[in-house]
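The next block holds one structure in the form of structure tokens; read it before the comments.
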Amino acid sequence: MSEHRKPEQGVKLRGAEKVARIPVKVVPTVEVPRKPDWIRVKMTAPEEVQRIKTTLRAQKLHTVCEEAACPNLPECFGGGTATFMIMGDICTRRCPFCDVAHGRPNALDPDEPRHMAETIANLKLKYAVITSVDRDDLLDGGAQHFVDCIKEARALSPNT
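The opening residue of the sequence shown carries number 1 in our numbering; numbering runs sequentially from there.
In structure tokens form, the structure reads like this:
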């Protein structure tokens with residue numbers, strides 16, 4: 001991408017587009033070797049992975065597992081766990097070490113706390129991990145939305 005364009009609301013920037021405006025470039029000096037076969041994780045419980053993905057899509061939820069392209073996703077989803085990523089799937093920062101998309105995020109979904117709480121209850125999670133994209137566009141950085149999500153989750157799943 002030769003020209004820098006202003007981020008548009010709801011448009012995800014990844015890869016070269018995401019880091020184009022960062023003045024410091026990281027250029028590898030040697031080719032990274034492939035991992036040996038013994039360290040590679042085999043896909044476990046694909047039906048459980050698909051069940052969790054289907055549930056997340058139905059509730060319009062995001063996970064950092066998917067958005068950050070985590071290589072351990074099959075292992076976690078296969079074990080029935082996920083890390084919820086609230087406040088959308090577009091981050092206001094462009095950290096080059098993270099694969100979460102950068103851009104101008106949409107408005108917060110007022111139904112997200114309820115949807116997340118229902119998903120935690122439906123998946124019968126013993127614990128839930130909640131993280132978020134950075135929302136520098138919000139006055140409180142999304143703190144109240146975090147509170148709302150936790151309150152809803154505790155109301156529907158008090159033992160989680």
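Every residue, glycine too, gets a C-beta built ideally from N, C-alpha and C. Keep in mind it's a predicted model, so treat the numbers as computed, not measured.
DSSP three-state assignment for residue i, whether helix, strand or coil
i             : result
valine 11     : coil
valine 24     : coil
isoleucine 90 : coil
threonine 81  : coil
valine 129    : strand
arginine 154  : helix
threonine 160 : coil
threonine 29  : coil
arginine 34   : coil
valine 114    : It should be noted that the sequence gives arginine, not valine, for residue 114. Here arginine 114 sits in helix by DSSP.
arginine 104  : strand
With 16 other Cβ atoms within 10 Å as the buried cut-off, status of residue i
i              : result
glutamate 152  : buried
threonine 119  : buried
leucine 139    : exposed
isoleucine 52  : buried
isoleucine 161 : The first residue shown for the chain is 1 and the last is 160, placing residue 161 beyond what the model contains.
glycine 15     : exposed
aspartate 148  : buried
Option in the options with minimal Cα separation from residue i
i            : options                       : result
valine 11    : Val49, Cys91, Asn159, Met116  : Cys91
glutamine 59 : Asn159, Arg40, Gly142, Arg114 : Arg114
alanine 121  : Asp89, His62, Thr55           : Thr55
Whole-number beta carbon distance between residue j and residue i, since they are thought to touch under 8 Å
i           : j                : result
leucine 13  : alanine 101      : 6 Å
cysteine 65 : phenylalanine 77 : 7 Å
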